[in-house]
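Colleague: Have a look at this one.
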Amino acid sequence: MEIESFELGPFATNAFLLWEHEGGDAVLLDAPLGVEETVPPYLAEKNLTLTDVYLTHGHWDHFAGLPFLEIQNIQTWLHPDDRLLVEQPELASSYVPPGLPMKPAEINNDLVHGQRLKILGQSTEIRHVPGHCPGNVLFFFPDQKTAIVGDAIFAGSIGRTDLPGGDFHTLEKAIREEIYTLPDDTILLPGHGPMTTVAQEKSSNPYVRPM
Ligand SMILES: [Zn+2]
């Protein structure tokens, strides 16, 4: 499986395009504003068909490009605890710079804790990692030793907990139970900034220490 990352939108949000081989299917994890201009030419160049968009969580900077992605018949996925955020984007108006498009996104599939999906033929485990917001999930691809984690944890940092529905103790517990229990050599791809690993964060993340 190939993974290409794109850093897009006013909050430099990472989107990840996953595909198996040129001419095959592709899926997108997160859809910041700008994805609608960046991803379609990339798909065309590699002759890929986008089948699904999975959202790590419902914050505006992770889905704002989705309503503008003019691709037919794509399935969209999100944890139900964040549905309200994508259906009523105006809830985010206090932290989104004025003048940017705030269009609701349509979601047609739920992601839940413990769910096992086949994504591009790869077994994928969904883990619920709330605290940054109610419905943040991670996608763990054991065969790739990789997890796409949304805004739960960053290299040397953690997601902010001061937005509506955020709670530090919930996030701390979720990181310990759902991220620090992944194999140490798992690569973590966060929603902002560079990649890291489980071992790296367990040894040096100053905000959440392992138990
Ligand atoms: Zn977020």
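As numbered in our numbering, residues 21 to 231 make up the sequence shown, in order. For glycine and all other residues, C-beta sits at the position ideal for the given N, C-alpha and C.
Which residue or residues does DSSP assign as beta-bridge partners of ALA46?
Modeller: As a working note, residue 46 is residue 26 in the sequence shown. In the DSSP output, where bridge partners are listed per residue, ALA46 has TRP39 and LEU70.
Colleague: Can you tell which of THR96, LYS123 and LEU137 has the C-alpha that lies nearest to the C-alpha of PRO162?
Modeller: For this step, residue 162 is matched to residue 142 along the sequence shown. Of the candidates THR96, LYS123 and LEU137, the one whose C-alpha sits nearest the C-alpha of PRO162 is LEU137.
Colleague: Could you tell me if the beta carbon of GLY85 falls within a distance shorter than 7 Å of some heavy atom in ligand 1?
Modeller: For the purposes of this step, residue 85 is taken as the residue at position 65 of the sequence shown. Because no heavy atom of ligand 1 lies under 7 Å away, the Cβ of GLY85 does not count as near it: no.
Colleague: Could you pull the DSSP bridge partners for LYS138 from this structure?
Modeller: As a working mapping, residue 138 is identified with position 118 in the sequence shown. LYS138 pairs with SER143.
Colleague: What's the C-alpha gap between LEU209 and LEU68?
Modeller: If you number the sequence shown from 1, residue 209 lands on position 189. If you number the sequence shown from 1, residue 68 lands on position 48. Their Cα atoms are separated by approximately 22 Å.
Colleague: Going by alpha carbons, who is nearest to GLY185 out of GLY78, GLU57, GLU40 and ARG196?
Modeller: The residue given as residue 185 occupies position 165 in the sequence shown. Per the Cα distances, GLY78.
Colleague: LEU70 to GLY85, Cα distance in whole Å?
Modeller: Counting from 1 along the sequence shown, the entry for residue 70 is found at position 50. Counting from 1 along the sequence shown, the entry for residue 85 is found at position 65. When rounded, the distance between both Cα atoms is 15 Å.
Colleague: Compute the Euclidean distance between the alpha carbons of ALA172 and VAL149, then round it to the nearest angstrom.
Modeller: Taking the sequence shown and counting its residues from 1, the one referred to as residue 172 is at position 152. Taking the sequence shown and counting its residues from 1, the one referred to as residue 149 is at position 129. Cα to Cα, ALA172 sits roughly 7 Å from VAL149.
Colleague: Is DSSP giving THR201 helix, strand or coil here?
Modeller: Walking along the sequence shown from the start, residue 201 turns up at place 181. Correct three-state label for THR201: coil.
Colleague: Taking 8 Å as the limit between beta carbons, can you name the residues of its chain near THR76, skipping five residues before and five after?
Modeller: By 1-based counting over the sequence shown, the position of residue 76 is 56. Same-chain partners within the cutoff: LEU49, ASP50, HIS82, ASN156, VAL157, LEU158, PHE159, ILE168, VAL169, GLY170, ASP171 and GLY211.
Colleague: Distance check for PRO30 and GLY119, CA to CA, integer angstroms please.
Modeller: As a working mapping, residue 119 is identified with position 99 in the sequence shown. As a working mapping, residue 30 is identified with position 10 in the sequence shown. If I take the Cα positions, the gap works out to 12 Å.
Colleague: The alpha helix (DSSP H) spanning PHE188 covers which residue range?
Modeller: Counting from one through the sequence shown, the residue named residue 188 turns up at place 168. Start and end: 188 to 194.
Colleague: Can you list, in chain order, the residues of its chain with a C-beta nearer than 8 Å to that of MET122? Leave out the 5 residues immediately preceding and following it.
Modeller: Mapped onto the sequence shown, residue 122 falls at position 102. Answer for MET122: TRP80, ALA84, PRO109, GLU110, ALA112, SER113 and VAL116, listed in chain order.
Colleague: With a threshold of 7 Å (Cβ to nearest heavy atom), would ASP204 be considered close to ligand 1?
Modeller: Within the sequence shown, numbered from 1, the residue matching residue 204 stands at position 184. No - ligand 1 has no heavy atom lying nearer than 7 Å to the Cβ of ASP204.
Colleague: Work out the CA separation of LEU191 and THR181 for me, nearest whole Å.
Modeller: Along the sequence shown, read from residue 1 onward, the residue named residue 181 stands at position 161. Along the sequence shown, read from residue 1 onward, the residue named residue 191 stands at position 171. Taking the straight line joining both Cα atoms gives about 8 Å.
Colleague: At a threshold of 7 Å, does ASP171 count as lining ligand 1 (C-beta to nearest heavy atom)?
Modeller: Locating residue 171 in the sequence shown gives position 151, counting from the first residue. Checking the Cβ of ASP171 against ligand 1 gives yes.
Colleague: Suppose you measure from the CA of HIS232 to the CA of VAL47; what does that come to, to the nearest Å?
Modeller: The structure shown does not extend to residue 232, since the chain spans only 21 to 231, so no value can be given for it.
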